[in-house]
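**Student:** First the structure, then my questions, so here it is.
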Amino acid sequence: MSGPKKPVQSRGRGKTLRSSSHRGSLPEAQQVIEGLEFARQAARIAHEHRSEDVVVLDLRGICSVADFFVIATGTSDRQLRAVADHIDEYARTVGQARYGVSGYEASTWILADYVDVVIHLFDPQKREYYDLELLWGDAPRVAWE
4 MSGPKKPVQS RGRGKTLRSS SHRGSLPEAQ QVIEGLEFAR QAARIAHEHR
54 SEDVVVLDLR GICSVADFFV IATGTSDRQL RAVADHIDEY ARTVGQARYG
104 VSGYEASTWI LADYVDVVIH LFDPQKREYY DLELLWGDAP RVAWE
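So for the sequence shown, the working numbering puts the first residue at 4; every next one is plus one.
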């Protein structure tokens, strides 16, 4: 007897790769549309809660870890946690499961992994230091407003 399928993880080029079995039975095109819309709405939520420099990067074809990154800067640890909470609340309402979260308590870089979409909420110093937009410079920016 086998239990429910769990995401398959393997290592490749220093990144964790996940199989598509965690995405259910949705057709790939529908998964991308849902991922794109989730990323855009997460960006809107971050912006509505006064995050700065909100960016959505399209990583399809560049990275196998996620299809989209949402990157935003907050001005305080309280704000970063509030934005993460609001995005998570939205995710639950649309049935988007969160795979994991890290940095919530320290609140200088909160990373929330929704599998197809990864949310990066930074304080200004961490955002400048890690400069994900430069690191993923080949990724097109997605209009979200």
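All residues carry an ideal CB built from backbone N, CA and C; glycine is no exception.
This structure is a prediction, so every number in the text was calculated from the model and none was measured.
(1) Quick one: grab the DSSP three-state call for aspartate 88.
(2) In this structure, what does DSSP give as the bridge partners for glycine 103?
(3) With a threshold of 6 Å on Cβ separation, who are the neighbours of leucine 83 within its own chain once the five nearest residues in sequence on each side are excluded?
(4) For histidine 52, name the three-state secondary structure that DSSP assigns.
(5) Once you ignore the five residues that flank threonine 107 on each side, which residues in its own chain have a CB closer than 8 Å to its CB?
(6) Quick check on threonine 111: does DSSP put it in helix, strand or coil?
(7) State the start and end residues of the unbroken alpha helix (DSSP H) segment that holds leucine 135.
**Tutor:** If we stick to the structure as given:
(1) For the purposes of this step, residue 88 is taken as the residue at position 85 of the sequence shown. If DSSP states are grouped into helix, strand and coil, aspartate 88 belongs with the helices.
(2) On the sequence shown, position 100 is the one that residue 103 refers to. According to DSSP, which records beta bridges pairwise, glycine 103 is partnered with Asp116.
(3) What you label residue 83 is simply residue 80 of the sequence shown in a count that begins at 1. Cβ within range, chain order: Gly77, Ser110, Ile113, Leu124.
(4) By one-based count along the sequence shown, residue 52 stands at place 49. Histidine 52 falls in the coil class under three-state DSSP.
(5) Here residue 107 is taken as the residue at index 104 of the sequence shown, counted from 1. Inspection of the sequence shows that residue 107 is occupied by tyrosine rather than by threonine. The beta carbon of tyrosine 107 sits closer than 8 Å to those of Arg84, Ala87, Ile113, all from its chain and outside the five residues before and after it, given in chain order.
(6) Counted from its first residue, the sequence shown places residue 111 at position 108. Look at threonine 111 here: in three-state DSSP terms it is coil, with no helix or strand label.
(7) In the sequence shown, residue 135 corresponds to position 132, counting from 1. Its alpha helix (DSSP H) spans residues 135-138.
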